[in-house]
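So the structure is just underneath, and the comments pick up after that.
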């Protein structure tokens, strides 16, 4: 600004000198000084132009206007040159004006340098602003990274705490479950042990009350044997007659009469309960030929003789004494005469198989096979063993199978019967039965053969109730 003020004062002085006239001494003195010291003039003009460039960024034309104006005639010559024509009397620069040309060239260079300096200053300011923005953004980014890291650490701690909590809870639950399982296993083992103790006590009481040294058999053995035999018979019927078709038209009159004597309601059962019909027929044959025999293995004549002796003893002795005699005699036969009764036992088994196959082959479309006969023979042998075991006891064991008569209701008895049809237990007492699939076992008296008024159901009869 100081340089501009100096330039303005110099312009004012120049104007005053021009007003003095073209031939004034002042103008000549200025021209002489300019010619004598062109470098100084150029330096002064460069300083003026630099000041104008820094202060306002003006062009080179405005810088030239700030130079000390020449006389009017000189101005006219300059204008003519700028317009492309020479003014008369102005033939161009003279040898003495070399300093002026050098000053003009210096002025242009100085102006160009000043303009470049101004542009560089503006670019530097922009870079500085960009640098400040980048620094600010980097600071904000660093703050956000710190916040993100803190939040991530907090979430990680929360997740770790949650995982630790649930792992501990699951571990405690597993510990409780293991403890409960261990306790349950211990209770089950204790129950098994207690059952064994009860069974042992029963056997001890039974053997201690016997005077003949015979080993007693608990009621559970009879119940388990009956259940095992009943399940085996049901499986045998299902395996070999599941796809069989019942046709009473092709059966003989004798076969139908025998079937009607054992299962009176066979016609009603054939359509809706085929398996139960066949199972009931086989059970009736086993009750009549195995459980109804005096002792399987004795010939019919021997069995008749033993019955006669027992009846004779009843007329002379008490019921208890007769039961002891029967138990002792049959135990002796079971232990000592098993081999001698083997042939008669096999013959009795074959008679049972022949009777069952004759009727089943007559009413069904499936003929007998070796596999079927072998399975049936195993069932009959099991029934014979169970029947012998019942016969040697001092207590009176009987196998019962309720009779089903057409046009007569036989009501369900929950004390002696068990339903195999899956009916509602609450409605069973009001239902009548249509079929007995397997017999039950009843015990009269105690292990010594006394107290015959005492009755106990060892195994319930398996029955099928009629549909409502």
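In our numbering, the protein residues as written are -12 to 455. Even glycine gets a Cβ: it sits at the ideal position worked out from N, Cα and C.
- For a cut-off of 8 angstroms, the C-beta gap from residue 264 to residue 422 is around 7 angstroms, short enough to register as a contact.
- Rounded to the nearest whole angstrom, the C-alpha separation of residue 378 and residue 384 is 7 angstroms.
- Burial is judged here by how many other beta carbons sit within 10 angstroms of a residue's own beta carbon; residue 178 has fewer than 16 and is exposed.
- For residue 419, the pairing in a beta bridge is given by DSSP as 398.
- Inter-residue distance for residue 151 and residue 145 is about 10 angstroms (C-alpha atoms, whole angstroms).
- DSSP lists 429 as the bridge partner or partners of residue 444.
- In this structure the stretch 250 to 258 does not lie against the stretch 399 to 409, because fewer than three pairs of beta carbons, one per stretch, are closer than 8 angstroms.
- Assignment of residue 385 by DSSP, reduced to helix, strand and coil, places it in the strand class.
- Residue 351 is not a Cβ neighbour of residue 191, given a cutoff of 8 angstroms.
- Residue burial annotation: residue 232 is exposed, with fewer than 16 other C-beta atoms found within 10 angstroms of its C-beta.
- Between residue 446 and residue 428, the C-beta spacing is below 8 angstroms.
- Pairing residue 342 with residue 272 gives a Cβ-Cβ distance under 8 angstroms.
- Between residue 226 and residue 276, the CB-CB gap reaches or exceeds 8 angstroms.
- Sorting 452, 431 and 436 by C-alpha distance to the C-alpha of residue 418 places 452 at the top.
- Using a C-beta cut-off of 8 angstroms, the stretch 433 to 440 makes no contact with the stretch 277 to 292, since fewer than three inter-stretch Cβ pairs fall below that distance.
- Distance between residue 448 and residue 367, taken at the CA atoms: about 18 angstroms.
- Boundaries of the beta strand (DSSP E) harbouring residue 406: 404 to 406, taken from the DSSP string.
- Cβ-Cβ distances below 6 angstroms link residue 206 to 445 in the same chain, with the five nearest sequence neighbours on each side left out; the list follows chain order.
- In this structure, the CA atom of residue 414 is about 15 angstroms from the CA atom of residue 450.
- Bridge partners of residue 449 according to DSSP: 405 and 425.
- At the C-beta level, residue 374 and residue 278 come within 8 angstroms of one another.
- For the alpha helix (DSSP H) assignment, the uninterrupted runs of no fewer than 4 residues enclosed by the stretch 218 to 306 are, from N- to C-terminal side, 240 to 249, 253 to 259, 261 to 273 and 287 to 301.
- When DSSP states are grouped into helix, strand and coil, residue 351 belongs to the strand group.
- Judged by DSSP in its simplified three-state form, residue 184 adopts helix.
- Taking residue 307 as reference, the option from 164, 287, 371 and 382 with the minimal CA-CA separation is 382.
- Assignment of residue 205 by DSSP, reduced to helix, strand and coil, places it in the coil class.
- For residue 372, the closest alpha carbon among the candidates 213, 345 and 168 is that of 213.
- For residue 380, no alpha helix (DSSP H) segment is defined, and its DSSP state is neither H nor E.
- Exclusion of the five residues before and after residue 274 leaves 386, 388 and 426 as the residues of its chain whose Cβ lies within less than 7 angstroms of its Cβ.
- Comparing alpha-carbon positions, the option among 313, 289 and 411 lying closest to residue 300 turns out to be 313.
- The shortest C-alpha to C-alpha distance from residue 400 to any of 173, 160, 393 and 412 is the one to 412.
- When the Cα atoms are used, residue 123 and residue 138 turn out to be separated by approximately 23 angstroms.
- Ranked by Cα distance from residue 230, the options 363, 320 and 354 are led by 354.
- Residue 345 places its beta carbon 8 angstroms or farther from that of residue 434.
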